[in-house]
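Line by line, the protein sequences give chains A and B. Everything in the first sequence is counted per my numbering, starting at 2 for the first residue and increasing by one. Everything in the second sequence is counted per my numbering, starting at 2 for the first residue and increasing by one. Glycine included, C-beta positions come from ideal geometry on N, C-alpha and C. Predicted model only: the values in this text are computed from it and were never measured. This report concerns only the one structure given below.
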Amino acid sequence: MTRPTRSAKKGAAARTARKPAAPRARPVPPAASVPPPHGAAALLTVLSPEGELVGKDPGLPPERLVFLYEQMVQVREFDRRMLVLQRQGRIGFYGPILGQEAATIGSAAAMGPGDWVFPALREAAAAILRGLSLDAAIAQLMGKASDRCKGRQMPCHYTHKEAHYVSMSSVIGTQISHAVGAAMAARIRGDDTVVLGYMGDGATSANDFHAGMNFAAVYRAPVVLFCQNNQWAISVPLRQQSASETIAIKASAYGMPYARVDGNDVLAVYAATRAAVERARRGDGPTFLEALTYRRLGHSSSDDPTRYRDEAEVRVWEKRDPVERLRRFLRARGLWNDRREQELQERIANEVNAAIARVEAEPDPDPDTLVTDVHAELTPQLREQLADLRANLDAARGGREGAFPL
Amino acid sequence: MTVMTLIQAVNDALKHEMRRDDRVVVFGEDVGVKGGVFLATEGLQAEFGKDRCFDTPLSECGIIGTAVGMALYGLRPIPEIQFLDFIYPAFDQIVSEAAKMRYRSGGEYTCPMVIRSPYGGGIKGGHYHSQSAEAYFCHTPGLKVVIPSTPADAKGLLIASIRDEDPVMFLEPKRIYRTLKQEVPEGEHVVPIGKGRIVREGKDATVIAYGAMVGICEQAAELAAKEGRSVEIVDPRTLVPLDEPLILDSVRKTGRCVVVYEAPRTCGYGAELAAIVAEKAIEYLEGPIVRVAGFDTPFPYTLDNLYMPDARRVLRGIQKTFQW
């Protein structure tokens with residue numbers, strides 16, 4: 002460890018002076034190639050908004066390219082329909098994804114089946130890509146009996162254990178250190194698991210961002226920390242969230258390699274995430290990725306973005322649409338045509354419709370689920386409260402049935 | 002049996018479980034090379050290596066946040082928060098994340114971890130090395146809250162906590178870390194969570210206390226005995242889940258109840274104990290339930306001896322239940 006000396010340069014002395022005096026866990030030295038902050042702020046792009054190849058092709062096979070496209074179209078239709086259901090009062094709340102499909106699908110597609118994903122609000126596409134059925138997703142949104150979280154969470158808080166897609170809270174940024182902790186655990190166990198931790202741009206202001214970034218770098222955790230910079234945290238634009246030139250360069254101070262990628266370019270997102278995943282799996286530690294994208298709708302179904310932003314900005318980002326971009330690329334490669342498009346749209350619409358119909362017919366979760374899963378076992382206190390709940394329900398039923406009919 | 006202090010019993014329990022289960026990892030500020038500021042983790046890094054006992058950056062929210070991730074992944078993390086007074090940066094991770102994980106995921110994900118932290122006053126620690134914050138955690142569904150009052154219980158309860166499938170707040174009364182020596186069973190020794198103990202049998206009044214207050218209440222019981230009053234002391238050992246039958250049986254027997262805790266009086270855990278007794282055993286009471294507690298102030302430095310309940314204050318509390 003460098004210690005300040007009289008001969009040390011002023012800047013170096015100031016830096017070391019901030020270090021704690023007592024030696025702590027010895028950090029593994031950061032990877033050799035931390036890119037210079039400003040130069041690396043350039044946006045990694047593979048496809049132009051017109052769908053032309055302008056960067057290094059990650060070389061995905063045709064069926065994989067089509068798979069990515071189908072996933073993007075599916076989540077767009079799912080997203081559109083769920084927002085409609087919310088407007089119709091059939092779902093209580095919804096956090097729309099529109100415009101961010103490529104950032105989620107490109108990154109999630111770069112993970113292996115045994116890898117772990119810690120989502121934020123707008124990563125339903127990652128859950129679906131990893132195997133969450135439309136029925137299960139909609140059951141979560143409707144809080145129905147088959148909901149994996151038993152109707153206990155607000156909409157958009159999916160969980161899918163088989164896919165290692167982890168339940169999230171609504172607290173911003175807490176999942177960052179969970180992702181890092183899971184990655185530390187994988188390293189301790191000697192597994193080759195890599196963890197993907199999502200966050201939004203607003204989360205980079207949260208204390209857990211700092212803690213998570215620092216722990217990830219100090220322990221060289223096999224984690225990819227992925228920021229979906231959609232430029233708005235509800236009504237607060239990025240320039241009021243951070244004075245940093247980019248979000249990506251924040252990683253530099255933690256000693257973590259980073260990249261900034263066009264988040265509406267699914268191939269660029271895939272390529273950047275893939276490289277970061279491979280790096281982590283090799284044992285070379287964490288990477289921070291900033292995907293530049295845009296939240297085209299409100300923060301949620303409860304939000305009206307016209308109150309705080311110029312819709313002209315939205316029009317600009319509509320022209321950078323991620324789904325359209327990949328479609329043009331596929332068409333140019335001869336992998337896509339109008340007939341396939343129509344078939345896909347019809348198939349997805351039918352699947353979403355059928356799932357909605359099935360789930361909507363389900364009952365609410367059983368009343369007992371109010372008190373189960375607080376702990377592995379019911380405590381005596383919860384048993385008592387459950388008995389009280391059942392007695393209240395019995396009394397309510399008895400009250401209705403026994404009431405005078407007029 | 003080996004004679005141990007409470008801190009040695011904690012260390013013994015950690016070693017026992019780390020030998021038994023390689024998923025158990027211990028980490029926190031200064032717990033590695035130094036062995037913890039109170040030496041609770043002494044020798045762990047030497048025996049189990051730096052992957053299983055390690056120092057962390059100075060960030061409570063990072064310690065607990067990463068512990069949540071480790072528990073989700075399948076480890077059995079035992080993060081140490083150096084003093085309970087420093088736990089508040091991690092409060093969100095405990096309350097919003099660890100405590101709710103099982104429930105919010107419909108049982109898909111769980112968070113088995115033991116958050117160890119020294120707590121309580123009486124060591125000249127001022128505001129920030131003395132607090133008793135147990136009530137915050139008792140008020141959070143999804144957490145268990147365990148507080149030992151003897152070396153043997155410290156070992157047995159810590160082992161039970163480590164084997165528990167859910168997050169446990171294991172709060173160690175640091176005032177009696179080294180003041181009390183007792184025979185502790187060697188090797189396997191489990192004290193189940195949710196079972197209190199009768200510290201001392203009596204027939205005239207029940208005093209409920211936990212942590213460092215148990216010893217104070219034993220002194221008070223001696224003073225009361227000189228006045229011809231037979232005091233029964235109940236130590237719940239786990240605040241959540243609480244062994245209500247043990248407490249209620251005792252109060253129904255004695256007809257009087259004093260609740261002793263060193264946290265600020267208002268909304269302290271003793272208030273919950275008093276409410277339970279009032280709700281379920283009021284017809285047996287010969288006098289009011291009396292609380293003997295800390296003051297509704299930040300924890301003081303010089304006057305900490307006045308802040309902390311002592312034997313005389315507990316005795317006065319006992320006397321009050323007879324004056325009604």
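Within the model, the alpha-carbon separation for A/A111 versus A/A127 is close to 11 angstroms. Non-local C-beta neighbours of B/K101 in its own chain, meaning closer than 6 angstroms and more than five positions away in sequence, comprise G143, ordered along the chain.
DSSP places B/M5 in the strand class (E or B) of the three-state scheme. Close to B/P242, with beta-carbon spacing below 7 angstroms, are these residues of chain A in chain order: T380, P381 and Q382. Beta-carbon to beta-carbon, B/K281 and B/D244 are separated by about 13 angstroms, too far to satisfy the 8 angstroms threshold. Under the three-state reduction of DSSP output, A/N338 falls in the coil class, being neither helix nor strand. Comparing alpha carbon positions, the residue from A/G107, A/I139, A/A180 and A/K145 closest to A/D209 is A/A180. B/I209 is the residue among B/G229, B/Y262, B/S231 and B/I209 whose C-alpha sits nearest the C-alpha of B/P246. Contact of A/G182 with chain B by beta-carbon distance below 7 angstroms involves G66, T67, A68, V69, G70 and M71. B/R176 and B/T303 have their alpha carbons spaced roughly 16 angstroms apart.
Taking 7 angstroms as the Cβ-Cβ cut-off, the region 382-396 of chain A approaches chain B at Q382, given in chain order.
Membership of A/M83 in the alpha helix (DSSP H) is indicated by the continuous run P63 to R88. Between the beta-carbon of B/P168 and that of B/C218 there is about 29 angstroms, and that puts the pair past the 8 angstroms contact cut. With a cutoff of 7 angstroms on beta-carbon distance, A/L239 and A/D202 are scored as near each other.
Listed in chain order, the alpha helix (DSSP H) runs fully inside the region 65-136 of chain B are 102-105, counting runs of at least 4 residues. With respect to the C-alpha of A/R91, the residue from A/Q382, A/V360, A/D369 and A/M185 having the closest C-alpha is A/V360.
Contacts with chain A at 7 angstroms (Cβ-Cβ) include B/R103.
Cβ-Cβ distances below 7 angstroms link A/P63 to L336 in the same chain, with the five nearest sequence neighbours on each side left out; the list follows chain order.
At a cut-off of 7 angstroms between beta-carbon atoms, B/P237 makes no contact with chain A. At a C-beta separation below 7 angstroms, A/S168 has these neighbours in chain B: M102, R105, S106, E109 and Y110.
Within chain B, the C-beta atoms nearer than 9 angstroms to that of A/T175 come from C62, G66, V69, D93, Q94, S97 and E98, in chain order.
In this structure, the beta-carbon distance from A/G182 to B/M19 does not fall below 7 angstroms. A distance below 7 angstroms separates the beta carbons of A/M185 and A/Y220. Within 7 angstroms of the CB of A/A212, the CB atoms of chain B belong to S60, C62, G63 and G66, in sequence order along the chain.
Short of 8 angstroms from the beta carbon of A/G299, and not among the five residues preceding or following it, lie these beta carbons of its own chain, in chain order: P97, D305 and P306. Beta-bridge partners assigned by DSSP to B/K227: none are found. A/M257 sits in coil when the DSSP states are folded into three classes, being neither helix nor strand. When the Cα atoms are used, A/P364 and A/K145 turn out to be separated by approximately 6 angstroms. Shown here, B/W325 sits in coil according to DSSP, grouped into three states, outside any helix or strand. B/C268 sits in coil when the DSSP states are folded into three classes, being neither helix nor strand.
Contact note: B/D167 reaches chain A through H376 and A377, using a C-beta cutoff of 7 angstroms and chain order. Secondary-structure assignment with DSSP links A/W117 through a beta bridge to A/V196. Shown here is that no member of the region 344-358 of chain A has a Cβ falling below 7 angstroms from a Cβ of chain B. Sequence-ordered contacts of the region 257-275 of chain A with chain B are nonexistent [C-beta pairs closer than 7 angstroms]. In this structure, B/C54 sits near B/G33, with a CB-CB distance shorter than 7 angstroms.
Under DSSP, A/Q229 takes part in a beta bridge, and its partners are A/G201 and A/A292.
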